[in-house]
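Colleague: A single structure is presented below for examination.
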Amino acid sequence: MGATVLIVDDSKLARIVVGKTLAALQPEWTRVEAGNADEALALLEDRSIDLAVLDFNMPGRDGLELAEELRARFPDMPIAVATANVQDEIVARARAVNATFIAKPVTEEGMRGFISGAALRLRQTGR
0 MGATVLIVDD SKLARIVVGK TLAALQPEWT RVEAGNADEA LALLEDRSID LAVLDFNMPG
60 RDGLELAEEL RARFPDMPIA VATANVQDEI VARARAVNAT FIAKPVTEEG MRGFISGAAL
120 RLRQTGR
């Protein structure tokens with residue numbers, strides 16, 4: 000059975016790009032989308048999510064704030080933060096919440112390491 004991936008980005012186009020990239024790497028995985036942190040948290044009330052790809056720059060709470068909330072609730076969930084903002088501080092904050100940093104624009108090559116690591120972790124936990 001495939002995993003369920005939560006894609007959170009305020010840009011519909013960016014969500015499409017991430018979704019297509021995920022589909023190319025793991026076609027059997029289900030993708031659900033949210034446009035901001037509040038929508039993402041609401042989705043988590045209704046369904047089980049196995050991993051998340053979060054945009055950094057969003058209105059309201061940013062992707063790292065959302066990553067911190069997800070990490071507190073789901074300590075083992077694979078989380079990636081995707082952004083064009085490649086400052087050392089952002090990369091360090093992503094690492095501090097045990098999230099993978101992915102540079103935008105998102106590509107298969109850029110996402111491959113995160114997806115293969117997430118797939119391995121999900122297999123080890125029986126998901």
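Residue numbers (numbering that gives the first Met the number 0): 0 to 126.
Even glycine gets a Cβ: it sits at the ideal position worked out from N, Cα and C.
1. For Thr29, which residues from the same chain have a beta carbon less than 8 Å from its beta carbon, with the 5 sequence-adjacent residues on both sides left out?
2. Among all the DSSP beta bridges, which residues are the ones paired with Thr3?
3. Which full runs of the alpha helix (DSSP H) of 4+ residues lie inside the segment 59 to 94, going along the chain?
4. In whole angstroms, give me the CA-to-CA distance for Ile89 and Leu21.
5. In the DSSP assignment, the alpha helix (DSSP H) including Phe127 goes from what residue to what residue?
Modeller: Considering the structure as presented:
1. Contacts found: Gly1, Ala2, Thr3, Val4.
2. Looking at the DSSP output, Thr3 sits in a beta bridge with Thr29.
3. You should have 62 to 72.
4. Approximately 23 Å between the Cα atoms of the pair.
5. In this structure the chain extends from 0 to 126, so residue 127 is not present and cannot be described.
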